[in-house]
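Those letters in the sequence shown? Residues 100 to 512, by my numbering. Note sheet for the following structure.
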Amino acid sequence: ALLPVAEKQVADDERSLLKALCFGLARHSIRLQALIDPLLQKKLKAKDLDVFCLMQIGVLQLETMNMPDHAAVNTTVAATKALNKPWAKGLVNAVLRNYQRQRDSLIEQLCDSEKVAFPAWLHDQVKKDWPSQALSIFEQSNLQAPMVLRVNSLLHTRDEYMKTLKSAGIVAKDHAFASQALVLEEAMDVKRIPFFSHGAVSVQDAAAQMASSLLHSAVTKEQPLRILDACAAPGGKTSHLAELFGQSHITALDVSLERLRRVDETVQRLGLQERVSTLTADAVDVKKWWDGRGFDAVLLDAPCSGTGVIRRHPDIKLLRRESDIKTLVETQSALLEALWQTLAPSGFLLYATCSILKSENVEVVEKFCLSRPEATVEMVSIPGAIAESVGQQLLPVMEQSDGFFYALLKKSA
Numbered sequence: 100a101l102l103p104v105a106e107k108q109v110a111d112d113e114r115s116l117l118k119a120l121c122f123g124l125a126r127h128s129i130r131l132q133a134l135i136d137p138l139l140q141k142k143l144k145a146k147d148l149d150v151f152c153l154m155q156i157g158v159l160q161l162e163t164m165n166m167p168d169h170a171a172v173n174t175t176v177a178a179t180k181a182l183n184k185p186w187a188k189g190l191v192n193a194v195l196r197n198y199q200r201q202r203d204s205l206i207e208q209l210c211d212s213e214k215v216a217f218p219a220w221l222h223d224q225v226k227k228d229w230p231s232q233a234l235s236i237f238e239q240s241n242l243q244a245p246m247v248l249r250v251n252s253l254l255h256t257r258d259e260y261m262k263t264l265k266s267a268g269i270v271a272k273d274h275a276f277a278s279q280a281l282v283l284e285e286a287m288d289v290k291r292i293p294f295f296s297h298g299a300v301s302v303q304d305a306a307a308q309m310a311s312s313l314l315h316s317a318v319t320k321e322q323p324l325r326i327l328d329a330c331a332a333p334g335g336k337t338s339h340l341a342e343l344f345g346q347s348h349i350t351a352l353d354v355s356l357e358r359l360r361r362v363d364e365t366v367q368r369l370g371l372q373e374r375v376s377t378l379t380a381d382a383v384d385v386k387k388w389w390d391g392r393g394f395d396a397v398l399l400d401a402p403c404s405g406t407g408v409i410r411r412h413p414d415i416k417l418l419r420r421e422s423d424i425k426t427l428v429e430t431q432s433a434l435l436e437a438l439w440q441t442l443a444p445s446g447f448l449l450y451a452t453c454s455i456l457k458s459e460n461v462e463v464v465e466k467f468c469l470s471r472p473e474a475t476v477e478m479v480s481i482p483g484a485i486a487e488s489v490g491q492q493l494l495p496v497m498e499q500s501d502g503f504f505y506a507l508l509k510k511s512a
């Protein structure tokens, strides 16, 4: 949250390094802590967390950033001056020098979860859910995700916009399975992206793009239709639905008024405001917001652990707790039950999460279907996805794809 503020305080040529250090620290913090702890005679006090973070940054540079050892040590030690803690200089220098000498033995003593910089509970759960893919999941989750664009098909084709990018000197390639997606060779400020402010494209991962595409492909009923995007903020899927269902109206529902403002900003940038209306309400409390008329299609992008997008948000590994999962599953189940009421007969509901945990995905949908005989699971096909009993799972081991789960349900007439 502080990174955008910090970026404004450094020179342009230093911003990329600042960002790399911040994201690198979040990605590898669990491993870095385990490497540094044996080098400290006693644990630092809470008020000296800044010193400990600086040590981690030093080891990060030595471990992963292809920086000469002497430069990594010297710049980190020099940075202690900014902390106004004179004693820190000697300690940081000693820790980094000892790390250089003991590097091999320190790495050897790491446990499996520390080696891949994952919290132990999440490491074990991923191995349980995906034993064959776990190592790749850990590796890919610790890499930088590519920047992916969604081309606004109301304005131009993907091939047409690719030519626009090429004219601007921006290198991109078509995504393997998302038909509107372009993968940039290099991430950049959206201000550099041609006609971004005019709604030419949106920034959205290919896996997220598939949610709206799958729902659109399933609905064959003649437009105009009533479509609900529940848990809609920040608006990527809402705007995509509006692009795809050109003659229909989208209701974007979210419990947060502040986050719904981002939906408004997104649809206005894309010129879709006539096709979208926003509604602030708790989706579970149906009686307070639903007018009783069934929706032809519902997209439920449920709140989740975010374990499929760790490569984009590495702090998830530091902030998420094992106890959160039970609460999230309860919320997901409650949302699914509530929104099913609003779905018209013969309508489709797509349940989606950016999680890779089976407890939030296949288990939630299986339990729901057992109590709802009028719910049938529709087959969907995504190249490279793993077919589950009630849906499809993309794992963050695919080329240019976050982890995402999709289950398409149809209500009998």
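Backbone N, C-alpha and C fix where the C-beta goes; we use that ideal spot for every residue, glycine too. As the structure is a prediction and not an experimental result, all values here were calculated from the model.
1) Rounded to whole angstroms, what's the CA-CA distance from Ala486 to Tyr450? Just pull it up for me.
2) Counting only runs that start and end within the region 167–230, where is the alpha helix (DSSP H) found for 4 or more residues in a row?
3) Which one of Pro482, Val489, Ala437 and Gln322 has the shortest CA to CA distance from Ser458?
4) Alpha helix (DSSP H) containing Ser301: first to last residue?
5) Are the region 184–199 and the region 152–161 in contact at 8 angstroms, needing three or more beta carbon pairs?
6) Closer than 7 angstroms by C-beta to Pro293: which residues in its own chain qualify, once you throw out the five before and the five after it? Chain order, please.
7) Let's see if you can read the secondary structure: which residues bound the alpha helix (DSSP H) around Arg374?
8) Distance, Cα to Cα, Ile129 vs Arg114?
9) Considering only residues of the same chain and omitting the five flanking positions on each side of Asp384, which have a CB-CB separation below 8 angstroms?
10) Between Ser204, Thr441, Leu116 and Leu182, which has its C-alpha nearest Leu148's C-alpha?
11) Considering only C-alpha positions, which residue in the set Glu373, Leu153 and Ala512 is nearest to Val176?
12) Look at the Cβ atom of Asp414, then the Cβ atom of Leu324, and state whether they are nearer than 7 angstroms.
13) Can you list, in chain order, the residues of its chain whose CB lies under 6 angstroms from that of Trp389, leaving out five sequence neighbours each side?
14) Closest by CA to Ser432, which one among Ser422, Thr379 and Leu399?
15) What do you reckon, are the CB atoms on Ser500 and Ala305 nearer than 7 angstroms?
16) Hey, Thr179 and Ala171: beta-carbon distance below 7 angstroms or not?
17) Taking Cβ to Cβ, would you say Ser347 is nearer than 7 angstroms to Gln372?
18) Between Val464, Ile135 and Val461, which has its C-alpha nearest Gln201's C-alpha?
19) On the premise that Thr406 lies in contact with Gly502, defined as a C-beta separation below 8 angstroms, what is that separation, rounded to the nearest angstrom?
Straight from the coordinates:
1) 15 angstroms
2) 168–178, 187–207, 211–214 and 219–228
3) Val489
4) No alpha helix (DSSP H) holds Ser301; the beta strand (DSSP E) holding it covers Val300 to Val302.
5) yes
6) Thr263, Leu264, Ala267 and Ala299
7) Run containing Arg374: none; DSSP gives neither H nor E here.
8) 24 angstroms
9) Ala437
10) Leu182
11) Leu153
12) no
13) Thr441
14) Leu399
15) yes
16) no
17) no
18) Ile135
19) 7 angstroms
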